Amino acid sequence: MPDQRVASVLEDPAMREAITTVFERSDDGSESLQWRDVSDTLSSEEWGRLIRDGLLVSDGAGFSVANPDRVGEILRQTESAEATAEANDIDVEPWAWYDKAAGLATLFLFAGYWNTGIRDMIASFDDLLLAPVTDALPFFAVVIVLSVVTGLYSTMLQARLQDTETMRAYQERITELKERKEAAKERGDDDVVEDIQAEQMEAVGDQLGMFKLQFRPMVWIMLLTIPVFLWLRWKVRGGHLGPNETGLVVPIAGAVGWQEPLLGPMTTWIVWYFLCSMVARQIIQKALDIQLSHSPSN
């Protein structure tokens, strides 16, 4: 059967699906088949059409694929093209104006780590909002309350804004390209390997979009978390704690001041805040049954 005829017949999706089934069950066209061998998938009309169109030829014992090498090559090329088209359908939603505004505001808040004026302005405003809490609770308990609050909205924001479907589609695409490349190498199909390498290079270009996708929820989380951290820093290092708020009693280390190093160079108040935040987020995720992972499913 001429190559052009094979390619023309396989342009029909129904015929391509039918011959794909036959090709797989005949061990890549090396074995003869009867219709009963594929009757659970192909109708008798489809089987007959494959014979009429010359993709199947009688070999005495049954029917075999005509020109199996060419048919296999076309099927692999079609699979590669379909995978590329499907991958290109992964569309990363651009940031809205309010996402960009949140990003600019976050950059301004970041400046508070180095600029005393910005830090004092933000912390003083936070101090007014938190006055009822600081008046009612000791500082270590205030940190726990803030950790729970920040952990709650961080978890909810990430669950709400993280596009897990797009991330999963992108990761599945990367995995699928890797598997196809390994299979092509095992077959010794250098042309297909080159095509897949080109697709992998295109996928690398999509990483910027994936980075923006991942970074979007982080912008909103930082927009609300940075002011809390700046207030804690202002409270401890600025001398705004009460006279009895000297520090914590921790296992092994004993009594340590809030500004004393506790874990390497990290001071007690930072370690306490991050420990409370980590525990709070884990508990909240378990309690609300929120899954933030976007690992590809098996």
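Under our numbering, the first residue of the sequence shown carries the number 3, and numbering increases by one thereafter. No residue lacks a Cβ here, since even glycine has one placed at the ideal position from N, Cα and C. This structure is a prediction, so every number in the text was calculated from the model and none was measured.
Query, Result
"Smallest Cα separation from Gly-244: which of Val-150, Ile-272 and Ala-133?", "Ala-133"
"Consult DSSP for Leu-58 and reduce its assignment to one of helix, strand or coil.", "strand"
"Taking 8 Å as the threshold, find out whether the stretch 227-241 comes into contact with the stretch 266-285 through three or more Cβ pairs.", "yes"
"Leaving out five residues before and five after Trp-233 in sequence, what residues of the same chain have Cβ atoms less than 6 Å from its Cβ?", "Ala-125 and Asp-128"
"Identify which residue in Phe-217, Leu-111, Ala-138 and Val-67 has its Cα closest to the Cα of Thr-227.", "Leu-111"
"Which residues bound the alpha helix (DSSP H) around Val-151?", "141-163"
"Between Glu-167 and Lys-214, what straight-line distance do the alpha-carbon atoms span, to the nearest angstrom?", "15 Å"
"State the start and end residues of the unbroken beta strand (DSSP E) segment that holds Ala-257.", "256-259"
"According to DSSP, is Pro-96 helix, strand or coil?", "coil"
"Identify whether Leu-130 lies in helix, strand or coil by the three-state DSSP scheme.", "helix"
"Under 8 Å, with one C-beta from each stretch per pair, do the stretch 186-196 and the stretch 136-145 reach the 3-pair mark?", "no"
"For the stretch 99-109 and the stretch 44-63, state whether three or more C-beta atom pairs, one from each stretch, are separated by less than 8 Å.", "no"
"Can you give the Cα-Cα distance for Asp-55 and Leu-77, rounded to whole angstroms?", "17 Å"
"What residues in its chain sit with their C-beta under 6 Å from that of Glu-48, if we drop five residues either side in the sequence?", "Ala-20"
"To the nearest angstrom, how far is it from the Cα of Ser-156 to the Cα of Leu-277?", "15 Å"
"Quick one: complete alpha helix (DSSP H) runs, 4+ long, within the stretch 179-230?", "192-207"
"Which residues mark the beginning and the end of the beta strand (DSSP E) in which Leu-264 is found?", "263-265"
"Please classify Gly-153: is it buried, with 16 or more other beta-carbons within 10 angstroms of its beta-carbon, or exposed?", "buried"
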